[in-house]
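Notes to accompany the following structure.
Residue numbers (full-length UniProt numbering), protein chains in the order written: chain A, 1 to 563; chain B, 1 to 338.
Now the structure itself:
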């Protein structure tokens with residue numbers, strides 16, 4: 001009797017492990033098909049001519065023989081270096097002020113710095129036109145002749161990249177050990193020396209990490225350069241021009257490979273640095289309590305107020321301009337610019353498509369990401385497949401959106417691809433967006449799963465509780481806050497992204513963020529600003545809802561955390 | 001009993017509407033966004049059994065997409081795309097020849113020369129220069145009267161024009177200068193013009209909209225956009241350079257391999273009707289059917305005489321060579337000015 005029970009149990013246990021294997025395999029298959037295969041197809045395309053014949057490195061030779069094109073490599077690097085320098089410097093001081101000073105109003109400052117995350121990257125670029133363009137209200141303040149070019153790109157990108165830098169640096173500054181400062185104090189070390197010998201070393205990995213993250217983000221940017229770049233070409237806009245203007249898909253693939261390289265290198269360095277950082281802080285460290293210092297705090301408050309003032313000015317300008325009837329000759333306020341149906345880009349339908357696409361991305365993306373991360377973290381089967389999964393999950397971070405978009409055309413519009421039915425549908429947009437933003441979601445899910453003791457799984461398994469029951473009843477509720485974080489992150493990014501989807505929408509699935517770009521292309525700057533403002537507002541509402549729901553759930557399910 | 005009858009009638013009616021469900025025709029177009037609704041409405045009210053699903057983008061982009069989708073075509077038909085682009089598609093064997101009923105009423109230069117034409121023209125869109133009075137006065141810029149005028153140093157940095165790689169309007173400018181001035185002098189002219197150009201825009205409308213907004217005082221664009229903006233109250237005038245105006249045809253064709261051939265033919269039949277030509281005339285002064293066109297507000301009445309004698313075959317055959325050359329010369333050479 002008991003014998004049969006054990007056999008039955010083992011059998012069900014076996015079928016369970018097969019299910020686990022299946023899910024891991026599906027996860028690997030998903031990332032192979034939706035990420036690696038398109039990229040490899042693109043790589044092959046870069047070695048082919050227009051007729052699809054293999055021609056070796058011919059396209060690359062043609063590319064490097066064309067100074068007009070190679071100039072963009074230099075331009076992209078210049079932009080990325082300048083932006084990284086500016087953003088990291090400002091974010092460094094800002095993060096210092098938020099974590100180490102006794103300044104008042106930290107919460108408000110922090111809140112304002114989050115705002116750029118909710119705006120499409122095109123919004124700051126459009127604001128630049130109204131602030132510093134030829135009819136801009138602050139035109140005389142601009143030290144250079146024209147905002148259309150590198151200066152505009154750098155300012156626009158700085159606005160957009162700032163919160164990303166700040167987030168990492170705040171974390172870096174938070175990991176402080178008060179004992180070191182006490183020791184320095186007792187040795188009467190002068191403050192500048194404390195800064196150089198204690199503060200700086202303690203954040204150095206965070207700092208290096210930030211530099212590489214911002215460099216990767218800005219060298220791959222498409223939207224800002226597209227709107228405000230004028231005649232200043234960068235790699236991402238070159239890909240767009242090659243594909244849509246020159247009808248030269250092979251050259252588009254070549255530029256994509258060229259752009260992929262610095263992004264991959266920068267990303268690899270960043271991963272190495274990240275790995276070293278973990279050992280920095282010991283468990284005996286005592287968190288530092290910021291001290292008050294009137295002069296320093298006053299200066300830092302002024303600095304933070306200036307930065308926040310600039311962020312609000314950029315957003316405010318876009319909002320204001322979107323209500324102006326006919327800039328600059330008729331400054332009456334009206335809603336004319338919100339009549340999207342008379343404009344390029346698909347009109348109001350685009351907005352509702354974007355909502356729909358973002359909702360699908362949030363729901364499907366969160367489910368896929370969480371399930372894959374769970375299998376990867378909690379199931380101890382198929383070590384090789386799981387290592388591959390981990391590697392593939394990190395890759396999207398290094399793949400520029402516009403490169404991924406082009407790769408999707410090559411892969412999914414191929415007549416021999418059995419999946420080519422999804423080309424031109426909502427499904428390909430959702431798939432592309434999930435993959436594009438996969439890495440951050442995967443890291444979030446993995447981090448929160450790591451915090452949950454593996455004993456739960458071990459105990460459940462020994463009690464013969466199937467893993468999906470443990471997942472549903474224990475792990476998922478515990479990880480709920482991060483699940484919500486992932487879903488709102490995906491929603492906001494799906495609303496605002498341009499680069500990856502710009503090649504993939506069809507007339508039934510036009511998107512609002514792409515419409516912003518098209519309206520700008522057609523010269524309808526004010527309606528473009530209006531749509532960008534609408535996107536930002538929608539993202540903020542989603543974030544507000546997320547906050548309310550998380551707050552409720554946290555109170556109900558996470559009480560165990562507060563002891 | 002009565003109820004039963006009503007239900008039956010309703011059921012029959014339902015099936016009937018079901019059977020008559022309109023065919024959805026995917027039409028790629030480079031028409032202006034503000035024209036799409038009226039064009040679809042006019043066609044659909046004449047042909048209720050076909051519904052148009054527009055895919056709209058700039059000329060260069062639509063052409064690029066059609067070529068990219070050559071092996072897996074998504075479009076059933078094309079309406080309102082530059083004839084030079086359609087000639088490229090014809091060269092690739094992508095167009096389905098069809099002789100629309102009534103095509104013989106069109107001017108011969110608006111119809112493909114083949115026995116069974118591969119494409120038919122709709123109207124001509126014509127280059128012109130948008131000139132902002134207020135900003136021009138500020139910068140002391142005289143109204144240009146010829147293309148050559150635009151190369152004068154006084155205009156430096158005050159000019160925008162469309163990038164011919166993405167914009168059909170941009171390409172018709174370049175192609176017309178090369179035809180009017182000859183290859184060598186044409187490129188020489190563009191070299192000089194390049195010195196004055198502030199930047200090259202993606203779309204053909206944008207230069208005129210920028211001029212209308214005072215962002216850049218002078219935009220090389222096309223007449224329809226200028227006339228529209230003047231009607232909206234923009235402080236601009238249109239200049240028509242004396243050497244002659246470049247132009248291209250908006251044209252229509254069926255994409256080979258479409259599984260909605262009947263509906264696509266219906267669209268072609270409609271595109272050559274007098275009603276359709278009257279509709280084109282709402283935006284363009286020169287249309288395919290002779291005798292239909294009435295003067296358009298803010299257009300010069302003699303615009304047809306100002307148009308150059310355009311060789312479309314030449315413009316299509318040399319399209320990729322010219323665009324490549326243009327890109328080599330101007331696209332990346334444009335160093336940042338600051």
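The beta-carbon is built from N, C-alpha and C at its ideal position, and this holds for glycine as well.
- Taking C-alpha positions only, residue 213 (chain B) is separated from residue 519 (chain A) by approximately 15 angstroms.
- At least one CB of chain A lies nearer than 8 angstroms to the CB of residue 215 (chain B).
- The Cβ-Cβ distance between residue 78 (chain B) and residue 155 (chain B) does not fall below 8 angstroms.
- For residue 55 (chain B), a Cβ of chain A is located within less than 8 angstroms of the residue's own Cβ.
- In the assembly as shown, residue 96 (chain B) is a buried residue. Its beta-carbon has 16 or more other beta-carbons within 10 Å.
- In the DSSP annotation of this structure, the continuous segment of the beta strand (DSSP E) that includes residue 332 (chain A) starts and ends at 330-333.
- Straight through space, the alpha carbons of residue 218 (chain B) and residue 238 (chain B) are spaced by roughly 10 angstroms.
- At a cut-off of 8 angstroms between C-beta atoms, residue 84 (chain B) does not count as an interface residue with respect to chain A.
- Excluding its 5 nearest sequence neighbours in each direction, residue 96 (chain A) has C-beta neighbours in its own chain below 7 angstroms: 173, listed in chain order.
- No Cβ of chain B is located within less than 8 angstroms of the beta carbon of residue 348 (chain A).
- Here residue 322 (chain A) has 337, 526, 529, 530, 533 as same chain residues with Cβ atoms under 7 angstroms from its own Cβ, once five neighbours each way along the sequence are excluded.
- The alpha-carbon of residue 63 (chain B) is positioned some 26 angstroms away from that of residue 182 (chain B).
- Between the C-alpha atoms of residue 496 (chain A) and residue 296 (chain A) there is a straight-line separation of about 38 angstroms.
- In the structure shown, residue 284 (chain B) adopts coil according to DSSP, grouped into three states.
- Pairwise C-beta distances place the region 24-34 of chain A in contact with the region 382-390 of chain A, as three or more of them are shorter than 8 angstroms.
- The DSSP-derived three-state label of residue 399 (chain A) is coil.
- Taking 8 angstroms as the cut-off, the beta carbon of residue 30 (chain B) is found no closer than this to the beta carbon of residue 269 (chain B).
- Put simply, the CB of residue 336 (chain A) is far from chain B, with every gap to its CB atoms at 8 angstroms or more.
- Within the same chain, and ignoring the five residues on either side of residue 300 (chain A) in sequence, the residues whose Cβ sits closer than 8 angstroms to its Cβ are 93, 96, 97, 101, 103.
- Contact annotation: in the region 524-546 of chain A, residues whose CB is within less than 9 angstroms of a CB in chain B are 524, 525, 526.
- Chain-order list of chain A residues neighbouring residue 22 (chain B): empty, with the shortest C-beta distance near 15 angstroms, by a criterion of under 7 angstroms.
- For residue 210 (chain B), the chain A residues whose C-beta falls within less than 7 angstroms of its own C-beta are 523, listed in chain order.
- The contact set of residue 199 (chain B) on chain A, defined by CB atoms closer than 7 angstroms, consists of 148, 230, 231 in chain order.
- When C-beta atoms of the region 172-186 of chain A are compared with those of the region 236-252 of chain A, fewer than three pairs fall below 8 angstroms, so the two segments do not count as touching.
- Scanning chain B for C-beta atoms nearer than 7 angstroms to the C-beta of residue 327 (chain A) yields 213, reported in chain order.
- Per DSSP, residue 162 (chain B) lies in no alpha helix (DSSP H) segment; the continuous beta strand (DSSP E) that holds it begins and ends at 159-162.
- Here residue 251 (chain B) is near residue 83 (chain B), since their CB atoms are less than 8 angstroms apart.
- Around residue 289 (chain A), the same chain offers 178 as residues with beta carbons nearer than 8 angstroms, after the five sequence neighbours per side are excluded.
- Residue state for residue 122 (chain A) is assigned as helix, using DSSP reduced to three classes.
- Rounded to whole angstroms, residue 249 (chain A) and residue 50 (chain A) show a C-alpha spacing of 8 angstroms.
- When DSSP assignments are scanned along the region 27-103 of chain B, the uninterrupted stretches of beta strand (DSSP E) that are 3 or more residues long and fall wholly within it turn out to be 50-56, 77-82.
- In terms of beta-carbon proximity, residue 241 (chain A) lines the interface with chain B, with at least one pair separated by less than 8 angstroms.
- Contacts with chain B at 8 angstroms (Cβ-Cβ) do not include residue 48 (chain A).
- Taking a 10 Å sphere around the C-beta of residue 277 (chain B), we find 16 or more other C-beta atoms and assign the residue as buried.
- Per the coordinates, the alpha-carbon of residue 418 (chain A) lies some 35 angstroms from the alpha-carbon of residue 48 (chain B).
- CA-CA distance, residue 287 (chain A) to residue 180 (chain A), rounds to 11 angstroms.
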